Each structure stands twice: as structure tokens, then as C-alpha cells.
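Numbering (my numbering), first residue to last: 25 to 181. First the structure, in the form of C-alpha cells, and then the observations on it.
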Amino acid sequence: MSASTSEFENSDINEIYTVDEKDYLVFIEQHEPQLKINNIPELFWKSLCLKLQNQIFDAGNTFSMFYVENDELENTDTFKSKVVVSVDFVDITDGNQIYLIDHAWTFKANEAKNHLREVPGLLERMAKLMNVSLQSPNVIEEVYNSIWKFNQTYSCS
């Protein structure tokens, strides 16, 4: 390791990736206001820089997110909540315990099936996320029918 490179003290990521000090200073110059306004402690800044530079989406190694619906509750419409479950110990003093969550896919409903057919790797990725077998003869239709359980919608004006 050269003197101008910072390594992280944690786990597997640190055995593979390093952050050049110059790159880190540029990152801080460009993003410090965002980091501060979002109350991201400095402890996490180098790890965040490393994960952004190397596109390390490792949240799934530490926690899982679930969307829960319960329409059996009395006097309510469908009750919806999001649940986060840690699959590993989370140490708040560990600077590597900051995670990027990859946005999976943006689409218009009338274009979704074409995307699944034409965008390389998308069908495989979505089938895996939705627990749909790629061996199914109707895999595109099954993924398409499953996405509505997982996606959140928004509109652009």
C-alpha cells in the first residue's frame, strides 16, 4: 500500500479495494455539504467513497428488507409496513457499516415486458429477486406479474 492510499479496517471489502487519498479529497470537496446536511457521521465518509467508486452494493450481506401487508386488521384499510432485519451484527462504531442500495429498475408499465426481453441481464436479475425460476417457459410473464408486489410507483411531472 502506498502512502497516498487509505485502506479500511474492516472485512472483505478492505482486502480488495482501496481509496486513493486524492480521490477521497475530491469526493469530500464535492459531497461534504450533502454528507453534513444528511447527518452522515465522518466515520462513514471514506467507506461511502470507496463503495460509490467501486459500486459495492453490500447491504444484502448485512440486512434484509421486507414489505408486509396485512388486510386482516380491523377498522383499517390494508396495513402496510416495511421491516428491516439484520442478518449480522451491526456495530455503529464501524465505519464500514454504511450501505448503498441499488435501485433495481425504472420502467413504464407498458414497456416492462419489452425491457425484460431486451435489456441484458434484467430478466435474470428480476427473476432472482422475485424468486421466479428462469427455467419456466413463462418467465417473462411470471416476473411481470410479480413486480407489482415489490415496486413502488411515482410520477414525473
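The beta carbon of each residue, even a glycine, is placed where N, CA and C say it ideally should be. All figures in this text were calculated on a predicted structure; none of them were measured in a lab.
Straight-line Cα distance separating Thr42 from Gln121: 16 Å
Residue nearest to Phe174 in terms of C-alpha spacing, selected from Ile164, Leu124, Trp129 and Pro65: Trp129
Span separating the alpha-carbon of Asn158 from that of Glu148: What sits at residue 158 in the sequence shown is Leu, not Asn. Answer to the nearest angstrom: the Cα atoms are 7 Å apart.
Validate contact between the stretch 79-90 and the stretch 59-70 using beta carbons, cut 8 Å, 3 pairs: Short answer: they don't touch.
CA nearest to the CA of Trp69, picked from Phe81, Pro144, Ala133 and His55: Checking every option, the nearest Cα to that of Trp69 belongs to His55.
In DSSP terms, what Ser110 is bridged to: Secondary-structure assignment with DSSP links Ser110 through a beta bridge to Phe87.
Reference Gln58; option with closest CA among Asp44, Asp47 and Cys73: Cys73
Beta-carbon contacts of Ser71 that lie in its chain and below 7 Å, excluding the five residues immediately before and after: Phe32, Gly119, Asn120 and Ile122
Buried versus exposed call for Leu76 [16 or more other C-beta atoms within 10 Å across all chains shown]: Label assigned to Leu76: exposed.
His127, DSSP secondary structure in three states: Correct three-state label for His127: coil.
Delimiting residues of the alpha helix (DSSP H) encompassing Ile164: Val163 to Phe174
Nonlocal neighbours in the same chain, by C-beta distance under 6 Å from Ile52, ignoring five residues either side: Within the same chain, no residue comes within 6 Å of Ile52 by CB-CB distance, once the 5 residues on both sides are set aside.
Neighbourhood of Ala27 by C-beta distance below 6 Å, restricted to the same chain and skipping five residues each side: In this prediction, Ala27 has a pLDDT of 34, which is less than 50 and means its spatial position is unreliable; what the coordinates show is noted afterwards. Within the same chain, no Cβ atom closer than 6 Å to the Cβ of Ala27 is found once the five residues on either side in sequence are excluded.
Residue span of the alpha helix (DSSP H) that contains Asn138, given as start and end: Here the alpha helix (DSSP H) through Asn138 covers Ala136 to Glu142.
Selected residue, minimal CA-CA separation from Arg141, among Glu166, Ile125, Ile80 and Gln79: Glu166
DSSP three-state assignment for Ser71, whether helix, strand or coil: helix
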